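Here the structure is laid out as structure tokens; the discussion comes afterwards.
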Amino acid sequence: MRVRVDQGRCLGHGLCEALAGDVYQVTETGYNEMGEFEVVDALRDVARKGASACPERAIAVLGDEPAGQHDEPRAPRPRSTDR
Numbered sequence: 606m607r608v609r610v611d612q613g614r615c616l617g618h619g620l621c622e623a624l625a626g627d628v629y630q631v632t633e634t635g636y637n638e639m640g641e642f643e644v645v646d647a648l649r650d651v652a653r654k655g656a657s658a659c660p661e662r663a664i665a666v667l668g669d670e671p672a673g674q675h676d677e678p679r680a681p682r683p684r685s686t687d688r
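Residue numbers (this note's numbering): 606 to 688.
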């Protein structure tokens with residue numbers, strides 16, 4: 606799963622790190638400057654918890670599927686006209 610931190614929206618509350626320190630790191634003043642990053646499968650629930658704790662909604666969960674499951678979408682196969 607991928608997570609994106611909008612640094613412009615973060616106001617330094619530090620709740621993401623307080624509740625999900627295994628995923629999020631903040632500066633000494635409480636700001637999350639991590640940008641966009643991949644979260645390992647074992648920490649998906651923790652990442653969601655930290656994201657939902659942000660009162661500014663500065664953290665977005667971009668893909669919530671297990672790693673390796675977010676390949677590019679494939680074009681549909683042409684239908685066979687042979688019957």
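By construction, the Cβ of each residue, glycine as well, lies at the ideal position given by its N, Cα and C atoms. In this text, all values refer to a predicted model and were calculated from it rather than measured experimentally.
Item                                                                                   : Value
Rounded Cβ spacing between N637 and V610 (contact assumed at less than 8 Å)            : 5 Å
Selection from E633, T634, V628 that minimises the alpha carbon distance to E641       : V628
Inter-residue Cα distance where the pair is E643 and R614                              : 20 Å
Beta carbon of G622 nearer than 8 Å to that of V631                                    : The sequence given here has Glu at residue 622, not Gly. The answer is yes: Cβ separation under 8 Å.
Residue burial classification, E677 (beta-carbon count within 10 angstroms, cutoff 16) : Legend: pLDDT at E677 = 45, less than 50; position of this residue unreliable, no value from coordinates given.
Check whether E635 and G617 have beta carbons under 8 Å apart                          : Note that residue 635 corresponds to Gly in the displayed sequence, not to Glu. In this structure, G617 lies closer than 8 Å to G635 by Cβ.
Supposed contact pair M606 and A663 - C-beta distance, whole angstroms, cut 8 Å        : Actually they are not in contact, since the Cβ atoms of A663 and M606 sit about 17 Å apart, beyond 8 Å.
Where E677 falls: helix, strand or coil (DSSP)                                         : For E677, the pLDDT reaches just 45, beneath the cut-off of 50, and the residue's location in the model is therefore unreliable, although a value from the coordinates is still provided. Note: E677 maps to coil in three-state DSSP.
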